[in-house]
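Since the structure comes first, as structure tokens, the remarks are kept for the end.
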């Protein structure tokens, strides 16, 4: 973010293929379905840049508002969140025209698209409303891409804030949300281990657009500070989580996790593998 560039890396070798300079702070990143184009939100530059990854050239820029943050591709369109205006815009990738805009909660951050291309699932960095309300937490908005209506707002557990990446499972069943969660409704019980706030992944049922559960990434003596990026494997069995505060990548066994959450306690309890090396940094 401080360098104003996006790096394209060959994943199989870890080789830096090229670096592209941007006009502004890079935020959300998304690939076209055929990987022919890369889209990056230029947060301070008021645009979303379209990049040809073969040569690193910027082929066009889309003006979507003052503070574009999250970007996702759905067919011939882009979905872009505007962090400063509290809106989500649907933009035609060919013409650059804005097809419509939805008004959502404050500070819409990152976004992902449900596999059926019906909904843009938007996370809000901080809660909306009064901090002294009995429940004060960030919400997840389901924005209908066709109508640009907000069909559901899903509230995360009380104290949830710092919502970063969102990932929809390819099987269409679940939405995973990376966030922190302050224990504002109970006493500070484990101060020496830093458990005033915890780092978590919340799970939303994509079919019912309803909150399902939350699981913690922290262990008793090892915190997973500031979960940031998420990716789900193509078979929906593995979740990858980048942990920005400790320079780690976590691998979460979703198959066993959902089995345990459904009440099957005979499955493996070894659900998270932690990796820390130069690539994770």
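In this note's numbering, the protein residues as written are 159 to 439.
Beta carbons: idealized from backbone N, C-alpha and C, even for Gly.
Computed from a predicted model, the values in this text were never measured in an experiment.
- Rounded to the nearest whole angstrom, the C-alpha separation of residue 306 and residue 258 is 6 Å.
- Taken through DSSP and simplified to helix, strand or coil, residue 314 comes out as coil.
- Between the alpha carbons of residue 177 and residue 405 lies a gap of roughly 21 Å.
- When only Cα atoms are considered, residue 256 and residue 202 end up about 19 Å apart.
- For residue 416, the uninterrupted alpha helix (DSSP H) segment begins and ends at 412-419.
- According to the DSSP assignment, residue 387 belongs to the beta strand (DSSP E) that extends over 385-390.
- Sequence-distant Cβ neighbours of residue 283 in its own chain, meaning closer than 6 Å and more than five residues away, are 265, 267, 321.
- The continuous beta strand (DSSP E) containing residue 258 extends over residues 256-261.
- Look at residue 184 here: in three-state DSSP terms it is strand.
- In this structure, DSSP gives residue 270 an extended state, which the three-state scheme calls strand.
- Per DSSP, the beta-bridge partners of residue 281 are 298.
- In this structure, residue 280 keeps its C-beta atom at 8 Å or more from the C-beta atom of residue 293.
- In this chain, the beta strand (DSSP E) harbouring residue 226 covers 226-232.
- 299 is the residue among 303, 299, 317, 319 whose C-alpha sits nearest the C-alpha of residue 311.
- Taking 8 Å as the cut-off, the beta carbon of residue 402 is found no closer than this to the beta carbon of residue 428.
- Contact check between the stretch 357-370 and the stretch 322-337: three or more CB pairs, one atom from each, fall below 8 Å, which counts as touching.
- Rounded to the nearest angstrom, the Cβ distance from residue 230 to residue 270 is 6 Å, consistent with a contact under 8 Å.
- For the pair residue 291 and residue 174, the Cα-to-Cα distance works out to about 48 Å.
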